[in-house]
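Start counting the sequence shown at 31; every next residue gets the next number (the working numbering).
Beta carbons are placed, not taken as given, at the ideal position from N, Cα and C, and that holds for glycine.
Values in this document were obtained by computation on a predicted structure and should not be read as measured data.
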Amino acid sequence: MKPRQSAPHITLDYLKAREKMVKEQIINRGIKDPRVIAAMEQVPRHLFVPETLHGQAYNDSALPIGEGQTISQPIMVAFMSEAVGLRGDERVLEIGTGSGYQTALLARLADRVYSVERIRSLLERARKVLDLVQCRNVITKLFDGSFGWKEEGPFDAILVTAGSPEIPKPLMDQLKIGGTMVIPVGNKNFQRLLRVRRNRRGFSQEYLRECNFVALVGEHGWEKPARKDYERV
Numbered sequence: 031m032k033p034r035q036s037a038p039h040i041t042l043d044y045l046k047a048r049e050k051m052v053k054e055q056i057i058n059r060g061i062k063d064p065r066v067i068a069a070m071e072q073v074p075r076h077l078f079v080p081e082t083l084h085g086q087a088y089n090d091s092a093l094p095i096g097e098g099q100t101i102s103q104p105i106m107v108a109f110m111s112e113a114v115g116l117r118g119d120e121r122v123l124e125i126g127t128g129s130g131y132q133t134a135l136l137a138r139l140a141d142r143v144y145s146v147e148r149i150r151s152l153l154e155r156a157r158k159v160l161d162l163v164q165c166r167n168v169i170t171k172l173f174d175g176s177f178g179w180k181e182e183g184p185f186d187a188i189l190v191t192a193g194s195p196e197i198p199k200p201l202m203d204q205l206k207i208g209g210t211m212v213i214p215v216g217n218k219n220f221q222r223l224l225r226v227r228r229n230r231r232g233f234s235q236e237y238l239r240e241c242n243f244v245a246l247v248g249e250h251g252w253e254k255p256a257r258k259d260y261e262r263v
């Protein structure tokens with residue numbers, strides 16, 4: 031069942047702020063996919079940031095969510111959601127659950143979302159909010175995201191929300207023929223957002239834009255995680 035926004039989480043102030051965000055930051059900056067626009071209108075972004083930042087949730091900026099991580103700028107979330115080109119029937123792998131905001135959008139755009147996060151406290155909080163907004167088609171896992179989620183693959187689409195020095199081979203292996211991956215690749219301070227497509231002959235890459243994401247920490251990312259006690263959450 032696709033998620034629905036629950037009425038108790040709607041207030042007039044937040045609705046107005048969200049409508050303004052979508053019009054000025056999303057539509058006016060070139061996002062055209064009506065399904066992405068509708069998802070941005072529906073998902074209550076303020077619930078995915080710390081309560082002290084609720085008043086800034088619909089600003090044109092990334093915001094800290096703890097553990098040195100951030101919730102991405104709204105336009106970047108919308109751009110990546112549009113770039114992956116979902117129709118509604120896909121199985122999607124997300125690397126980096128983070129706040130859960132991008133996850134909630136994907137849940138409205140795809141049939142099922144598998145989301146991997148390496149930081150327990152973030153995943154536990156994100157899972158609570160995803161449940162609160164009734165994202166019942168999201169499955170989460172505490173693990174090194176650079177390995178992907180082999181036992182659930184292959185996937186129709188993969189979206190990576192952390193910058194990697196190169197495209198991790200496990201993620202390439204888990205992308206279906208005909209599938210699409212969107213991933214930031216570069217150094218820790220600057221990346222190029224790439225769209226990777228897989229066909230029967232191999233892979234193609236398309237440069238989309240410049241970006242700056244937190245580092246993808248993992249065996250196939252920038253560095254090995256310090257802990258190995260990952261488990262499903």
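Legend entry - Validate contact between the region 140–159 and the region 207–224 using beta carbons, cut 8 angstroms, 3 pairs: With a cut-off of 8 angstroms, the region 207–224 and the region 140–159 do not count as touching, because too few Cβ pairs lie within range.
Inset, instruction - Report the rounded CA-to-CA distance for M51 versus P198, giving the unit in angstroms. - result: The residue labelled residue 51 in the question sits at position 21 within the sequence shown. The residue labelled residue 198 in the question sits at position 168 within the sequence shown. Separation of M51 and P198 (C-alpha to C-alpha, rounded to the nearest whole angstrom) is 34 angstroms.
Inset, instruction - Following the continuous beta strand (DSSP E) through S234, name the residue where it begins and the one where it ends. - result: As a working mapping, residue 234 is identified with position 204 in the sequence shown. Taken as a continuous stretch (DSSP letters only), the beta strand (DSSP E) holding S234 covers 232–241.
Inset, instruction - State buried or exposed for E112, treating a residue as buried only when at least 16 other CB atoms are found within 10 Å of its CB. - result: Residue mapping note: residue 112 aligns to position 82 of the sequence shown, counting from 1. E112 should be labelled buried.
Legend entry - Endpoints, beta strand (DSSP E) assigned at S145: In the sequence shown, the residue the question calls residue 145 occupies position 115. That run of the beta strand (DSSP E) goes 142–147.
Inset, instruction - Could you pull out every residue in the same chain whose Cβ sits closer than 8 angstroms to the Cβ of Y88, ignoring the five residues on either side in sequence? - result: Here residue 88 is taken as the residue at index 58 of the sequence shown, counted from 1. Within the same chain, Y88 has close Cβ partners Y44, A47, R48, K50, M51, R75, H76, P104.
Legend entry - Proximity below 8 angstroms, CB of L136 to CB of E124: In the sequence shown, the residue the question calls residue 136 occupies position 106. In the sequence shown, the residue the question calls residue 124 occupies position 94. Contact flag set, yes.
Inset, instruction - For the region 147–181, list the beta strand (DSSP E) runs that are entirely contained and at least 3 residues long, ordered along the chain. - result: Assignment of beta strand (DSSP E) within the region 147–181, counting only whole runs of 3 or more residues, yields 168–172 in chain order.
Legend entry - Where I57 falls: helix, strand or coil (DSSP): Indexing the sequence shown from 1 puts residue 57 at position 27. Looking at I57 - three-state DSSP - the assignment turns out to be helix.
Inset, instruction - Tell me where the beta strand (DSSP E) around E124 begins and ends. - result: Working through the sequence shown from its first residue, we reach residue 124 at position 94. Membership of E124 in the beta strand (DSSP E) is indicated by the continuous run 121–125.
Legend entry - Cβ pair Q132, V159 closer than 8 angstroms: Here residue 132 is taken as the residue at index 102 of the sequence shown, counted from 1. Here residue 159 is taken as the residue at index 129 of the sequence shown, counted from 1. Judged by their CB atoms, Q132 and V159 are not nearer to each other than the 8 angstroms cut-off.
Legend entry - Separation of R166 from A156, as counted between CA atoms: In the sequence shown, counting from the first residue as 1, residue 156 sits at position 126. In the sequence shown, counting from the first residue as 1, residue 166 sits at position 136. When rounded, the distance between both Cα atoms is 13 angstroms.
Legend entry - At least three beta-carbon pairs within less than 8 angstroms, the region 229–245 to the region 182–200: Yes, they touch.
Inset, instruction - State the DSSP-derived secondary structure class of V52, mapped to helix, strand or coil. - result: Counting from one through the sequence shown, the residue named residue 52 turns up at place 22. Residue state, collapsed to three classes: helix.
Inset, instruction - Look up S36 in the DSSP assignment and say whether it is helix, strand or coil. - result: Taking the first residue of the sequence shown as position 1, residue 36 is located at position 6. For S36, the predicted structure reports a pLDDT of 41, less than 50, and the residue's modelled location is therefore unreliable. A value from the coordinates is still provided. Correct three-state label for S36: coil.
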